[in-house]
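Some notes on the structure that comes next.
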Amino acid sequence: MIHRNGFQNYQEKPKKDRHRPPQPAEEEVPDQSGVRCLVHRGRLHPHLPPPPHQDFLQTRPNRNPSQQKKPKKTWLPNPPQSQHPPPIPLPRSRPQRPSASVVAGKTTIFLDLDETLVHSKPDPPPENYDFVVRPVIDNVKIDFYVKKRPFADEFLEFLSRKFEIVIFTAGLEEYASLVLERLDRKSLISHRLYRDSCREVEGKLVKDLGDLGRDLRRVVIVDDNPNSYALQPENAIPILPFTSDLSDFELQRLMDFFEKCEVLDDMRETVKEYIGKGNGDKKL
């Protein structure tokens, strides 16, 4: 069609954007339900059926298990309400320190076990022993035949009336706990310390009395091994090792000392005086 001005009447076509890629006539897009449909120039393809109903999609099971939402996992089966980890418990061998009202005014006596209060040996059984314990050590049950030192029962009974008694042994708990169950029938011993409470110094097991919550002025240790009290020798009363001598009177002699000694502000002075009179093991 020609206008009066001689120009042809035509509709102006939109300019193409050279930087924009051509759009396909048909493209595949997902709808809200996740079903992929062909779209023809912005509309659904006229030859394809309409998408399923919304309610049907909600009840239709998902055929792909990997697309199903899985609950998030945490590192704990049942997470606690608090995100802070629980407090680390103290080792079993560490004594629960009594309150000041219980310990106040009492001197603490640390006693060794083997060769101080008892002597034990494995098979074969000796001619003379008081009881047998059968601990399991490294998955092996071992029989130990135990002989109590003369006056051991009387010694514990006497000390319990005036002092706090703590057994401090370098023996394994599996063994020593069974011995103490038989030795301390009356529960006279306040606390028990085993090998894992010792310190290793230059390859030797040492019993550090300064790490046990007791005033060293009110502490005495009785032990046959000088290595045990190497850190606090001034608190130690050495004793001859007991093996099988039934005429041994070491514990009776110690009862006489503790009965007569005056409880001073610093027990180390009393121990020094006792050792200075020629008492105790000559190895000190």
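Those letters in the sequence shown? Residues 1 to 284, by the UniProt record's numbering.
Yeah, the Cβ is synthetic: ideal placement off N, Cα and C, and Gly gets one too.
Selected residue, minimal CA-CA separation from A236, among F242, D224 and D265: D224
Identify whether K162 lies in helix, strand or coil by the three-state DSSP scheme. helix
Indicate the three-state DSSP secondary structure (helix, strand or coil) for R218 in the structure shown. helix
Taking DSSP as the reference, what is the three-state secondary structure of P135? coil
Between E173 and Y194, which are expected to be in contact by the criterion C-beta below 8 Å, what is the C-beta distance as a whole number of angstroms? 4 Å
As assigned by DSSP and simplified to three states, the class of S120: strand
Whole-angstrom distance between R182 and V132, CA atom to CA atom: Cα to Cα, the separation comes out at about 9 Å.
My assumption, with CB atoms under 8 Å, is that V219 sits in contact with M255. Please give the rounded CB distance. That belief does not hold up - the Cβ atoms of V219 and M255 are roughly 19 Å apart, past 8 Å.
My assumption, with CB atoms under 8 Å, is that A230 sits in contact with V201. Please give the rounded CB distance. Their Cβ separation, rounded to whole angstroms, is 7 Å, which keeps A230 and V201 in contact under 8 Å.
Same chain, Cβ closer than 8 Å to F158, five either side skipped, listed in chain order: M255, F258 and E259
Please state the DSSP three-state secondary structure of K106. K106 sits in coil when the DSSP states are folded into three classes, being neither helix nor strand.
Can you tell which of L264, V146 and V222 has its C-alpha closest to the C-alpha of S177? Among L264, V146 and V222, the Cα nearest to that of S177 belongs to V146.
Other residues of its chain near P141: CB distance less than 8 Å, five sequence neighbours each side excluded: Note that residue 141 is Lys in the sequence shown here, rather than Pro. Cβ within range, chain order: R134 and P135.
Is F168 near D215, with beta carbons less than 8 Å apart? no
For A152 and L251, believed in contact at Cβ under 8 Å, the rounded distance: 6 Å
Restricting to Cα atoms, I'd like to know which of E154, I275 and D143 is closest to L117. E154
Residue environment, R185, which counts as buried when at least 16 other CB atoms sit within 10 Å: exposed
Between residue 364 and G210, is the Cβ-Cβ spacing less than 8 Å? Here the chain comprises residues numbered 1 to 284, so residue 364 is not present and cannot be evaluated.
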